[in-house]
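Heads up: the structure comes next, in structure tokens.
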Ligand code: HEM
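In my numbering, the protein residues as written are 98 to 596.
Structure below.
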């Protein structure tokens, strides 16, 4: 029954499908390796003296967590491979999810009936970040201890509830029972990932797969697509183990036990938490004030609010766009990014904003590697984080409009062939090649929809909220050229060319 249904379901072949499969392979590797690591890892902050095979640390005081991680890395057969494959999968997973989000955003794949799918994808990203962050801390080495110290500092900077939150997470003072508390959180993030993934698949199964405009190549979900996806899944899994077996990641024996005071410049978190670190680094010095007998640490509050608002906007964007555009139709055909310049501009602005925060997270590395002053690099990122998104938005909009005009030209006049013909009267013309139905389908703009219009209510007044919505709606559609459908010339008989 299920097999017959899957055989009847047509899935478009598109390279963007691979991000989902790669994410699935990462989750698979995380589960398999994590489940085995559980047998050897000791989630305990109790102090132990190291008597293992790594002589430079002989006799060093460390937590049992680090002692067991050293055992896994250097004594347990295959242990290092498992640890490193687990860590590499944790590094690749957020990238695969983010790329899926980028594709879904720019093609409008988050519109009805896939709004839930977007929210679930966002949830997957949060779960992946939570899993990565909590896992990063588990070995309790120098780097993870430094990261935890920063987290404690951030928590303490949160007004009113900060101290309480910090005590709750750390189970008292620093480092307290952090390993014991993070371990269940880490396992829970894995379970959350699995649940969200299954939910998203179930949701996707409930409606047609989205198609790119003009796309013709589709294959049955079973067996064609399943075999292709299975091949990629196997290749991605193998690659993760290959990288895990050959490329060092988190060599905790070199870092030694957690001791935040000894961490050197250039200590970096895993890449996916870099944007949070960058947000903290961009705050100018001295951003705090005293009020009501408390110190209000803007250096913590502002980055938290800004990053929180950014993530919230990402999560609810489909609902905002639907409200603004008034387009609540179901869409199984995706948009070409150029045909929705405002959305594409917002997307590029968001990427530049995220990129600036992320880059700022490595400001010290940039300064030391390129021989710049740290202050200069920070100032450059401060400018970039504010002006970059504005410039990126405007440039993207303009490029989109230009590309729409180019498409319009192509639809109206066909492709240039480079063949110049001399006419009997002496003039020259270039032969253009007519578009076939598939190309035309791809280039002709989306079906038109009118912007939301604010109409007076029964009292003859136009409510403020409707006026705001109408203005936003006008802006949203401003850069969209009228669709070409009606204006394009009829197709010529096969074999004939238009001049
Ligand atoms: C239910 C599934 C999971 C289990 C059973 C599990 C288990 C473990 C265990 C036992 C460790 C400590 C061992 C060690 O550090 O060598 C660990 C570390 C880690 N985990 Fe997981 N984990 C799971 C899911 C995840 C997920 C979803 C992520 C991230 C997306 C993740 C990222 C990490 C990272 C980055 C480390 C540190 C690895 C290192 O030592 O360098 N884990 N995990």
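Each residue gets a CB set at the ideal place from its N, CA and C atoms; glycine is no exception.
Note the first and the last residue of the continuous alpha helix (DSSP H) segment covering residue i.
i	result
residue 393	First-last for residue 393: 391-394, but that is the beta strand (DSSP E), not the alpha helix (DSSP H).
residue 172	That residue, residue 172, is in no alpha helix (DSSP H); it is neither H nor E in DSSP.
residue 281	275-302
residue 104	99-105
residue 312	Looking at the DSSP string, residue 312 is not in any alpha helix (DSSP H), and its letter there is neither H nor E.
residue 461	460-467
residue 267	259-267
residue 155	Taken as a continuous stretch (DSSP letters only), residue 155 belongs to no alpha helix (DSSP H), as it is neither H nor E.
residue 548	Per DSSP, residue 548 belongs to no alpha helix (DSSP H) and is neither H nor E.
residue 435	Element bounds for residue 435: n/a, residue is neither H nor E.
residue 212	212-234
Going straight from the alpha carbon of residue i to that of residue j, what length do you get?
i	j	result
residue 226	residue 260	24 Å
residue 364	residue 308	44 Å
residue 541	residue 288	44 Å
residue 189	residue 120	8 Å
residue 296	residue 135	26 Å
residue 498	residue 372	31 Å
residue 393	residue 198	35 Å
residue 100	residue 319	7 Å
residue 361	residue 253	23 Å
residue 218	residue 229	16 Å
residue 565	residue 236	52 Å
residue 508	residue 537	7 Å
residue 329	residue 357	41 Å
residue 335	residue 124	13 Å
residue 571	residue 247	45 Å
residue 148	residue 353	14 Å
residue 302	residue 316	15 Å
residue 483	residue 326	41 Å
residue 495	residue 204	18 Å
residue 242	residue 274	13 Å
residue 481	residue 127	36 Å
residue 206	residue 106	19 Å
Run through DSSP, which three-state label would residue i get?
i	result
residue 601	In the structure displayed, the chain extends from 98 to 596; residue 601 sits before or after that span and is not available.
residue 139	coil
residue 583	For residue 583, the predicted model reports a pLDDT of 43, less than 50, meaning its position is unreliable; a value from the coordinates is still stated below. Correct three-state label for residue 583: helix.
residue 557	coil
residue 525	strand
residue 537	helix
residue 145	strand
residue 370	helix
residue 519	strand
residue 345	coil
residue 531	coil
residue 240	helix
residue 133	helix
residue 388	strand
residue 305	coil
residue 109	strand
residue 248	helix
residue 354	strand
residue 418	helix
residue 404	helix
residue 430	strand
residue 164	helix
Over what stretch of residues does the beta strand (DSSP E) that includes residue i continue unbroken?
i	result
residue 475	It is not in any beta strand (DSSP E) - residue 475 instead sits in the alpha helix (DSSP H) that spans 471-510.
residue 315	315-317
residue 204	Unbroken run through residue 204: none, as it is neither H nor E.
residue 160	158-160
Considering only heavy atoms of the ligand HEM, does any lie closer than 6 Å to the CB of residue i?
i	result
residue 328	no
residue 342	no
residue 119	no
residue 138	yes
residue 297	no
residue 232	yes
residue 517	no
residue 236	yes
residue 166	yes
residue 483	no
residue 335	no
residue 193	no
residue 428	no
residue 135	yes
residue 338	no
residue 353	no
residue 180	yes
residue 229	yes
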